[in-house]
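Structure record follows, encoded as structure tokens.
There are 2 protein chains.
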Amino acid sequence: MTDDWSSALLTDRYELTMLQGALRSGTAHRKTVFEMFARRLPDARRYGVVGGPGRFLDALERFRFPTPVLDFLSDARVVDEPTLEWLAGYRFTGDVWGYGEGECYFPGSPILVVESTFAEAVLLETIALSIYNHDSAIASAASRMVTAAGGRPLIEMGSRRAHEAAAVAAARAAYIAGFATSSNLEAGRRYGVPTAGTAAHAFVLLHDSERHAFQTQLDALGVGTTLLVDTFDVERAVLTSLELAGPRLGGVRLDSGDLAITASRVRKILDEHGATETRIVVTGDLDEHAIQALAVAPVDGYGVGTALVTGSGAPTASLVYKLVARARETGADAPLEPVAKRSVGKPSKGGRKWGYRRLDGQGVAGGEVVYDYAPQETRDLRPLLRHLVSGGEVIGREPLDTARERHTAAVTELPDTAQQMSRGEPAIPTHFEQRSAM
Amino acid sequence: MTDDWSSALLTDRYELTMLQGALRSGTAHRKTVFEMFARRLPDARRYGVVGGPGRFLDALERFRFPTPVLDFLSDARVVDEPTLEWLAGYRFTGDVWGYGEGECYFPGSPILVVESTFAEAVLLETIALSIYNHDSAIASAASRMVTAAGGRPLIEMGSRRAHEAAAVAAARAAYIAGFATSSNLEAGRRYGVPTAGTAAHAFVLLHDSERHAFQTQLDALGVGTTLLVDTFDVERAVLTSLELAGPRLGGVRLDSGDLAITASRVRKILDEHGATETRIVVTGDLDEHAIQALAVAPVDGYGVGTALVTGSGAPTASLVYKLVARARETGADAPLEPVAKRSVGKPSKGGRKWGYRRLDGQGVAGGEVVYDYAPQETRDLRPLLRHLVSGGEVIGREPLDTARERHTAAVTELPDTAQQMSRGEPAIPTHFEQRSAM
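First to last, the protein sequences are chains A and B. Start counting the first sequence at 1; every next residue gets the next number (the working numbering). Start counting the second sequence at 1; every next residue gets the next number (the working numbering).
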């Protein structure tokens, strides 16, 4: 997407027709608070990982209604003339707070808090949820893979199994969660994610022989490259690699078969030929469980594709964006009142929220505390909300590596149960602290 | 994405480094055939649905390396100077054949056939797979939902649970597979997908009362609108709706609770008040099974979100793009030879393929026939490959409704077993017809 792109139509039609209704009834400019949260963690995970704040801030700044967009809305009769006039001048002027990107979250964590008029805030619902639901799903899955890899580097290589634009966001989210590199070039260009890659079977098959292909790759990319050795016979290919590259060969990649057994055999051959520093990279439908199962195998890195970009069983974080408070009158001073629907099975808690993580004396997280008031801050309460947008101005931008470091710290702080790959309860419980029953 | 956007970096790094190697060894300009196919259907489905050809042709035309893209590749040292020079002039000049959009496919169907030099064809791997894998996953899930709905209209409303750009493609794919409308406005603007929507709980909660909200919506959108009636008490909300709108109310939406029981109660109230034409639309985590379970309930339409955009358990179609033939020398006349890797568990069949559907005397499909030669065409063989790109020129564009009609015809042609929601074998078997053992 280029810089002049408007994000405004990446939106459900009803956001605009609700705006039309509210403009007509005079409720559009009532002050409101919308909150994004998860009712539960996907797939019985131990924690979720916030992905999306950086991309959301970009989308917020591009949320405008230029003439071509207004023309479509007019031609398609989506909204009436007064609504089009209001949209022409749209610019978000409110405040946004949110959990930092890479932070862990739990059921009920107020991941994003948007305070503005109904008209301004309701329009952001779809785009905010699209970005957070996708990026958080990927970051949450990626974090478990990083844990399972136990310090060995992970390459993200799932672009081909995801929508082409989602793939770029997935590479970014995986990097935040601790992946070392991505195969996706646009993620490198747009976000500075380090890129990496080896070669495909097609490259071997193109050439007159495997030897011909290996020699070509070594000539073109140097002895530090990684050769793909499973097109025909793995052991023979490894011997050919060593013959051509010598013991300084960078790496070999295995993409099929029993990876643990094959890696052991390959390691033995490499070591016998003095190639003790040559790395073994494995790929091929790996997920966190397959990665963990390879912990004792002589593997130096993992390439992960499909499981990463599909959220490893949970392709969406299922976050929701709900109205939790609104004024009964228009005006900045009108008091906010909590509101909540009572739909069967989908209850929500009214009122603006403040999220904190409670730490014990050793700095280990013991609980997520969600207040319906701004609490007195104490040393054992780590505040989780950052001020992202102030009076419409984006103030919460940060480098991608800041999010990556935040994630490492947030996971380290959790109790050991967070590292379990099994399905189960959240690693810490969520407590709702209410000043008054509402 | 705007029109000046280049799609070239939506690509894995190794496509470019393989190009660099092949340019150096002189194999880059060997004629090749790459083929896209599925080893198996996702999730033990009965058939897959081809989604993506239209978007792929758009991406192919935008696959260029303008200066900013080359600058990135140079600065990040992805490829060397000779490769950058070659990329600067990149334009696909080969031929592409593919299954029509909306067509059904089976394991081994040659969904896309790309014939060109290695250099030109290998670069398209990632973008082609990203588009087809996403769009086919969504179309395949959507088609089952359309079957389950048995003629009742389906609204696609999953944008908030998918990456914001994937959401637009998902709306398009769902429409091809038979959905009536989408909530996604960009899908309306870009592809002409009809858009629709109702209202959210936030709209009800914003107002002073449910009655206030309903009156506002009726004033703004007219009596034909659909009111959301489950924010507090469904039956009271329906009575309020009828009081305000009378029996000509367009519809009511239910988003929670036991939808079958609630719909029956609501239908009874509506009918008792003469609102026999008022439609009941149900939403709330519906998938094809939930839709089918509501077949006997008095429901007039379904809104489907999460399950649609996540492919209902199969978020990627797992299609692969493999080199199946290549010349041993450069030049247009050099003969193509079939190639195939022998990796454990991932075999592929070498050689260019031609796909046909065999029909019986009643026009019912009996098998997918994949030839490794162009067969004599007969009346019982329906050819499945369309010529999409000829000498680099896109010739296969078609209106979205053509794909939609093709899909209806293709599903109708399948045997009854295709309509089963249970997991199982493909509805028809795939036969590989080989002229010679290769």
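We put the CB at the ideal spot given by N, CA and C, even for glycine. Since we're looking at a predicted model, the values are computed, not measured.
Tell me the residue span of the beta strand (DSSP E) that contains residue i.
{"i": "Arg358/B", "result": "354–359"}
{"i": "Ser390/A", "result": "385–390"}
{"i": "Lys322/A", "result": "319–330"}
{"i": "Ile261/B", "result": "Looking at the DSSP string, Ile261/B is not in any beta strand (DSSP E); the run it does join, the alpha helix (DSSP H), is 259–272."}
{"i": "Glu103/B", "result": "Where Glu103/B is concerned, there is no enclosing beta strand (DSSP E), given that its DSSP letter is neither H nor E."}
{"i": "Arg253/B", "result": "251–254"}
{"i": "Arg279/B", "result": "279–282"}
Just to confirm before moving on: does the CB-CB distance between residue i and residue j stay below 8 Å?
{"i": "Ala170/B", "j": "Glu156/B", "result": "yes"}
{"i": "Pro335/B", "j": "Tyr356/B", "result": "no"}
{"i": "Ser130/B", "j": "Val49/B", "result": "no"}
{"i": "Ala59/B", "j": "Ser7/B", "result": "yes"}
{"i": "Phe56/B", "j": "Pro426/B", "result": "no"}
{"i": "Val309/A", "j": "Arg161/A", "result": "yes"}
{"i": "Asp255/A", "j": "Thr283/A", "result": "yes"}
{"i": "Ile280/B", "j": "Val252/B", "result": "yes"}
{"i": "Ala174/B", "j": "Ser182/B", "result": "yes"}
{"i": "Arg172/B", "j": "Val193/B", "result": "yes"}
{"i": "Thr83/A", "j": "Asp12/A", "result": "no"}
{"i": "Tyr90/B", "j": "Arg64/B", "result": "yes"}
{"i": "Asp95/B", "j": "Ser390/B", "result": "yes"}
{"i": "Arg214/B", "j": "Thr198/B", "result": "Here residue 214/B turns out to be Phe, not Arg, going by the sequence shown. No."}
{"i": "Val113/B", "j": "Leu385/B", "result": "yes"}
{"i": "Ala149/B", "j": "Tyr373/B", "result": "no"}
{"i": "Gly51/B", "j": "Ile111/B", "result": "no"}
{"i": "Gly311/A", "j": "Ala44/A", "result": "no"}
{"i": "Arg371/A", "j": "Glu433/A", "result": "One point to set straight first is that residue 371/A is Tyr, not Arg, in the sequence displayed. Yes, the Cβ-Cβ distance between Tyr371/A and Glu433/A is below 8 Å."}
Return the Cβ separation of residue i and residue j in integer angstroms, given the expectation that the two are a contact with Cβ distance under 8 Å.
{"i": "Ala340/B", "j": "Gly350/B", "result": "4 Å"}
{"i": "Thr430/A", "j": "Ser109/A", "result": "7 Å"}
{"i": "Ala128/A", "j": "Tyr321/A", "result": "6 Å"}
{"i": "Tyr47/A", "j": "Leu414/A", "result": "6 Å"}
{"i": "Leu242/A", "j": "His273/A", "result": "5 Å"}
{"i": "Leu123/B", "j": "Leu286/B", "result": "Rounded, the Cβ-Cβ distance is 40 Å, inconsistent with contact."}
Could you check what DSSP says for residue i in three-state terms: helix, strand or coil?
{"i": "Gly424/A", "result": "coil"}
{"i": "Glu398/A", "result": "coil"}
{"i": "His201/A", "result": "helix"}
{"i": "Leu336/A", "result": "strand"}
{"i": "Ser343/B", "result": "coil"}
{"i": "Leu112/B", "result": "strand"}
{"i": "Met157/A", "result": "coil"}
{"i": "Tyr371/A", "result": "strand"}
{"i": "Ala38/A", "result": "strand"}
{"i": "Tyr191/A", "result": "helix"}
{"i": "Val304/B", "result": "strand"}
{"i": "Gly366/A", "result": "strand"}
{"i": "Leu218/A", "result": "helix"}
{"i": "Thr32/B", "result": "strand"}
{"i": "Ser312/B", "result": "helix"}
{"i": "Phe118/A", "result": "helix"}
{"i": "Met438/A", "result": "At Met438/A the pLDDT is 44, less than 50, meaning the model places this residue with poor confidence; the figure from the coordinates comes in the next sentence. Of the three classes helix, strand and coil, the one that applies to Met438/A here is coil, per DSSP."}
{"i": "His431/A", "result": "strand"}
{"i": "Arg382/B", "result": "strand"}
{"i": "Gly48/B", "result": "strand"}
{"i": "Ser348/B", "result": "coil"}
{"i": "Leu9/B", "result": "coil"}
Could you give the first and the last residue of the continuous alpha helix (DSSP H) run that contains residue i?
{"i": "Trp97/B", "result": "Counting along the chain, Trp97/B falls outside any alpha helix (DSSP H), though it belongs to the beta strand (DSSP E) covering 95–99."}
{"i": "Met18/B", "result": "13–25"}
{"i": "Glu243/A", "result": "234–245"}
{"i": "Leu70/B", "result": "67–75"}
{"i": "Leu87/A", "result": "81–88"}
{"i": "Thr147/B", "result": "125–149"}
Mind checking whether the beta-carbon of residue i lies closer than 7 Å to any heavy atom of the ligand SAH?
{"i": "Val223/B", "result": "The model on display carries no ligand, and the ligand SAH is accordingly not part of it."}
| task | Tell me, please, whether the segment 253–270 of chain B touches the segment 306–325 of chain B by the rule of three or more beta-carbon pairs shorter than 8 Å. | result | Verdict: no, contact absent.
| query | Given 8 Å as the limit, is there contact between the segment 368–384 of chain A and the segment 136–151 of chain A, that is, 3 or more CB pairs closer than that? | reply | no
| Three-pair Cβ contact test at 8 Å for the segment 222–234 of chain B versus the segment 32–40 of chain A | Not touching, per the Cβ criterion.
| query | Should the segment 401–415 of chain B be regarded as contacting the segment 97–106 of chain B, the criterion being three or more beta carbon pairs within less than 8 Å? | reply | yes
| said: Does the contact criterion of 3 or more C-beta pairs under 8 Å hold for the segment 23–34 of chain B versus the segment 357–366 of chain B? | reply: no
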